Structures are given as structure tokens and as C-alpha cells.
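Right, one structure below, let's go through it.
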Amino acid sequence: MKVLVAVKRVIDYNVKIRVKPDKTGVETANVKMSMNPFDEIGVEEAVRLKEAGAASEIIAVSMGPQSCQETIRTALAMGADRGIHVLSDAELQPLAVAKLLKAIAAKEQPQLVILGKQAIDDDSNQTGQMLAALLGWAQGTFASKLKLEAEKALVTREIDGGLETVELKLPAVMTTDLRLNEPRYASLPNIMKAKKKPIEQVTPEALGVDVAPRLVTLKVEEPAKRQGGRKVASVQELVDKLKNEARVI
Amino acid sequence: MALDPQTLRQFLDTIQRFVREQLEPAEAMVAETDTVPPAIVDEMRRLGLFGMTIPEAQGGLGLGMSEEVQVLFELCQTSPAFRSVHGTNNGIGSQGIVIDGTAEQQRRYLPRLASGEIIASFALTEPGAGSDAASLRTSARRTAEGWVLNGTKRFITNAPEASLFTVMARTDPETRGAGGISAFLVEAPNPGLKLGRIDRKMGQRGAHTADVIFEDCRVPADALLGGKEGQGFKTAMKVLDRGRIHIAAVAVGVAERLIRDMLRYAKERVQFGQAIGEFQLVQAMLADSRAEAYAARCMVLDAARRRDAGENVSTEAACCKYFATEMVGRVADRAVQVHGGSGYIADFGVERFYRDVRLFRLYEGTSQIQQIVIARNMLRQAG
């Protein structure tokens, strides 16, 4: 079976994010970028399915400017077979991405689409759900475990207060949570081999999708600076302040 | 082969992550236990780190020198013990075979070295012979079946782990100098090959050296590297030329790590109501370290590019090794100084690096040997 994995290029998780002076967004110039960590977990899961003989082909999809090809290359180095790059310099919001993925799914006919539960840049947590709705497919979000059986997938979900296992009829959409697996590092020989794997480039127009933003970002602000702590002389004073000043107990 | 910039970048990013996520957290434990955990060694194998400099045809990555040094800049921003695990397979343990080995020797050993299945060591130094090859005592006597080796080698890196040794031995007792020396590929275990106890070193715990003792150690005729007698010293010198640039790159990587650590501390540590990084005397230490590390990085890149272009870089390699290793010594000293009293306490790790880097000025030719190489080359070229 074919597995489609969505991979987003985001600011590397180690970079200290800075807001642009005009508050229209965050600084991305000369900032180290890498694959969204949840998407990395998605690629890893797909590669494990292939290694176990459950998946026959893995297609990695990324959307955005030309540089997204680097993110696809990372997925190819980890073990994906080929890539699709939707070239667009426009701001791509979750609905647009879901529509583009729907168009690609219609063409590729995968049995499973894996996405990260959210991207660490905008934390939207919408694309997987929107895609499942647009396709009319079953969805298993926040997956911490995946088991494939004939024509169906058992997805264990991390929910408030415990775990829930749902049975999805294939084809289906799954979004990954942190504990699904620990992604591998692409090995150096595989990085070199990934150069030879194909990446197909398409445009939103060719896929017949209108990607115009539906939401407007009014402003972006840095979190408020943390106030300095205060020292107290005794436990009594601490309890008193927690009760009467902070009002937390 | 020359990698395109995108592939090289991806390569370096992967290594940077591996260092940050896997190696850095294990540094203290490696020093404590004097062992690099097998799981990390396995991950190094899987990543392909053992075969970086071995040609692609033999299962390696075939990196050129300028790519190798950029990888080392990243890979060495952690305890040098980690590099030692695969350092001999990429450097002195394999390069003799890559440069001067017969096709059969290359076919036999290089794929296994590239995969990390076996570890290789390079055995030149002796109790009575370091850089002075003329005084090499280990002998190889020809017999009907092959060769018999006798002698003792000292400070042999990875000897306890190695199953292949490139051994420099005198095959012609009549020729006193370098011309009487040949190189042999000796497989371990061998009943005639014994190891001394693991040396107790000042630093770099987790990386092991030991004496290697040959007592009537019998090896087949085809163990002679390149199949030619009297070439051993020439081979060793070619290997060491590359090795000098390699060690210089290692020194740059460690220096950059130390600068990162001291910068972080200078921003965090508050005295007299401000971060100590605000004080000009601390700033001077930061600036001097940065400038020197940058100079060394540029030297190493330049020498590596020249070597890749086929130039003779004997002088440049010696300059790099000399400057970069002395530089990292000064940077480590300043890193301790910026950390103040904490720099002397093991929990901060800086004192460990301070001891670790001391070795760089000693092995693969001391700083004084590098000075001699540089000056002699200058005088010779001046005619």
C-alpha cells in the first residue's frame, strides 16, 4: 500500500524565535530551518511500515518555496521513495494545505496519509482534521501507536486522562503525537543516495486549488517578559502570599 | 567525490543533531566509565561515520579533505573520545591501505573498515622512537611462509579494540634510516601479538591506547602493505600529512564548543550586579578565542582545499596542526578562566576539555616537530 506523508519546513526547534520589529510575523531570514518534528515522526512511522513489509511506497509531500525541497530530501534520506513539492511563495494556511493534499491524494490514491498533529511554528493543529473531512475519510489524531490489519488501521490516541484506540477503515488520515516513535537520523550514505530519488514539482494552479488566505494575521507579539521572583522569610509568609496575593490556594 | 552544497549541508545538519542530542548528554558518563556506550558506537556505524574517507567503491563515502574537515568541525564539538572511536578507521588506520595498499588488500579490508565491522590501528611509535623513525627497532624477518615481527609499539590508539594493525617495522637491518622500514597489515588476534594494559591518560577517557607487543608474530607474505619493501616510512608520512589537517580540524571543533560554553557562562554568571560578559577583561578572552578559532578554521579549510586540488601541503598541514592545537590549548585555558572557580570543578565539564585538548599538541607530531617541518621546508624551498 501507498503511504503519503506531509512534511513541513519550519524554524528549527533549537532556534530562539524573534518577532519582526513591525509585528507582522517572526524573523525567518538567515534562520536555520528543518523538518517539523511531528512530521519527522510521521516519516519514521511510514518507513517502519515499509521495513515491516506493510507499505510498498512512501511519498513525501511538502508545500512552500523552493527551499522546501531540502525538507523533502531529508524525508527521502530517512527512507521515503519519492517526493512531491507544491511550489508556492504565498502564505499557505491549513485549509489551503488540506485542499492541496486532497488533490494529491486524489491523484496518488494512498491508503494512508500521515501528518504531524501540528507544526511547531503556528501550532494550528488543523490540517489533518480538515483533510480527513474534505476526503470523507476516517481520521485518527494524536496517534501514539499504529497497527495495520486487513483493510483497517488501529490507532491508539493520546487523550485527556488516558489512551483511546480507534479502528479506522482504510484509506484513512492519521496525525502523529510525540510518543509514536523516535525518528532515526538519516544516515550519511542514505543522504547521498537520496540525491537520486525523484521530486516532482507542481503548482497550486495545476492542482486546481485556490490557496488565497482566509485568515488575516493582525499582529504577532513576543511573550511577556517573566517578572523576577520574590524571596519569602518563612513558610507561613509563603502560604499567606499564595492565598491572599496570588490567590492560587 | 565533491558533494553538492545542499547534500553537504544536510550531512552537517545531521551530524550537528547527533552531537547535540546523543553525544553531548553522554560526555560525563563516557569520562566516568572510560567507555563509549555500544549503542552510540552502533549509531555511528549506522550513520556511516566509520567510512567517511574510504572510497565509495569500497563501501565508504569517499569524502575529500575539505568535506572531511567540515564534518570534523561539527563532529568534534563534543568530547574528543567520540571521534577516537571511528578516528583511526577514517585516518591513520585506513589511509595507508587507501593510499598504498594493493587491490587485494583494499578489497579485503576497506569495506569492513568503512562499515565499522572492524577497527583499525596504526602502530608507528615505540618506546624508543617517536618522530625519529631512524631509531625504529621493531623488526620483520622474512621466512619461507611470510614474515616474523618482533618489537614493542607504544601509545597505540584503539589497540584494545582493533583487529587490524598497520605496523611499521624494519625489514632491512643494514639500512639505518627510513629506507629500511616497511609497513605490514597485521590481523588480530594473533598468538604473537599481545597488548599491554590500557594506558592511564591525563584526559580523553573513553578513548584507549595501549602497548602492542610482537613476539615472533607470524604474518603471511601478503601482509606487506603494497607488496613492496622499504616503502613503510613514505606511506606513514603520506598518512600523517592528511592526519595533521584532520587533527587541526578536530582542534577547531573543540575550540568552537568551548567558546560556546564560555559565552553561555559569561552571559549567565552575575557579579557586581551584571553578567560577567559585560566586563571588558572577560570580553577580551571571548574575543581572542573567537578570533583565533576563526583563523584556525580558515587555515584548515584552505589547506584542505589545496590538498584536494593536488598541491603538496606538507608545510600547510604542519602550520595547521601547529597553530590549531596550540590555539585550542589557549582557548581551553581561557574557558576555565572565564568559568572562574567553577572551571576547576568537574561538574562543569570545562576542566575535562582542558585536559582532553592537551593531547592535541603532542600526538601525530608535537608542536616542536611541526615547527621543524615548517622551517625545514622553508629553508629547502629558499634554495
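These protein sequence lines map, in sequence, to chains W and P. Basically our numbering = 1-based index in the first sequence + 6. Basically our numbering = 1-based index in the second sequence + 5. A virtual CB, placed ideally from N, CA and C, is assigned to each residue, including glycine. It should be emphasised that the depicted structure is a prediction, and the values quoted were computed from it without experimental measurement.
| Asked | Found |
| --- | --- |
| Short CB-CB distance (under 7 Å) between T83 (chain P) and chain W | no |
| Residue range of the unbroken alpha helix (DSSP H) whose run includes F55 (chain P) | It is not in any alpha helix (DSSP H) - F55 (chain P) carries neither H nor E in the DSSP assignment. |
| Enclosing beta strand (DSSP E) for R223 (chain P) [first to last residue] | T214 to P225 |
| Between the CA atoms of D128 (chain W) and L221 (chain W) - distance to the nearest angstrom | 13 Å |
| Between the CA atoms of V362 (chain P) and Y114 (chain P) - distance to the nearest angstrom | 31 Å |
| Partner residues on chain P for T80 (chain W), Cβ-Cβ distance less than 9 Å | Q15, D18 and T19 |
| Outcome for Q111 (chain P) when other beta-carbon atoms lying within 10 angstroms are tallied against a minimum of 16 | buried |
| N- and C-terminal bounds of the beta strand (DSSP E) containing G89 (chain W) | R88 to L93 |
| CB contact check: L194 (chain W) to chain P, cutoff 7 Å | yes |
| A178 (chain W) - partner residues in DSSP beta bridges | W:L118 and W:A144 |
| CA-to-CA distance, V305 (chain P) to M173 (chain P), given in whole angstroms | 28 Å |
| Partners in chain P for Y19 (chain W), counting only beta-carbon separations shorter than 8 Å | Within 8 Å Cβ-Cβ: nothing; Y19 (chain W) doesn't reach chain P, min ~10 Å. |
| Min CB distance K201 (chain W) to chain P below 7 Å | yes |
| Per DSSP, cross-strand counterpart(s) of A125 (chain P) | P:L169 |
| The region 190-198 of chain P / the region 160-176 of chain P touching (three or more Cβ pairs under 8 Å) | yes |
| Whole-number beta carbon distance between A145 (chain P) and R181 (chain P), since they are thought to touch under 8 Å | In fact, because the Cβ distance is near 16 Å, the residues do not count as touching under 8 Å. |
| Spatially closest choice to E32 (chain P) from P:L13, P:G133 and P:Q82, by CA coordinates | P:Q82 |
| Given 8 Å, three or more beta-carbon pairs between the region 190-200 of chain W and the region 153-165 of chain W | no |
| V21 (chain W), DSSP secondary structure in three states | coil |
| Among W:G31, W:K26 and W:G89, the one whose alpha carbon lies nearest that of Q207 (chain W) | W:G89 |
| Distance between V153 (chain P) and C325 (chain P) (C-alpha atoms, nearest Å) | 38 Å |
| Where I197 (chain W) meets chain P, residues with beta-carbon distance less than 8 Å | T12, Q15, F16 and T19 |
| Outcome for M34 (chain P) when other beta-carbon atoms lying within 10 angstroms are tallied against a minimum of 16 | exposed |
| Best match in W:P189, W:Q99 and W:A178 for proximity to E260 (chain W) [C-alpha to C-alpha] | Here chain W comprises residues numbered 7 to 255, so residue 260 (chain W) is not present and cannot be evaluated. |
| Exposed unless 16 or more other CB atoms sit within 10 angstroms - verdict on I203 (chain P) | exposed |
| Neighbourhood of A83 (chain W) by C-beta distance below 6 Å, restricted to the same chain and skipping five residues each side | A192, N196, I197 and A200 |
| Own chain, CB closer than 7 Å to I252 (chain P), minus 5 neighbours either side, in chain order | K326, T330, F365 and E369 |
| CB contact check: L268 (chain P) to chain W, cutoff 7 Å | no |
| Buried or exposed (CB count within 10 angstroms, at least 16 for buried), R385 (chain P) | exposed |
| 8 Å contact criterion, which V49 (chain W) and A66 (chain W) should meet: CB distance rounded | 7 Å |
| Separation of P178 (chain P) from E29 (chain P), as counted between CA atoms | 49 Å |
| At least three beta-carbon pairs within less than 8 Å, the region 277-293 of chain P to the region 349-358 of chain P | no |
| L52 (chain P) at chain W interface by Cβ criterion, 7 Å | yes |
| 8 Å Cβ cut-off: residues of chain P touching E76 (chain W) | Q11, R14 and Q15 |
| Proximity below 7 Å, CB of V257 (chain P) to CB of A301 (chain P) | yes |
| CB contact check: L77 (chain P) to chain W, cutoff 7 Å | no |
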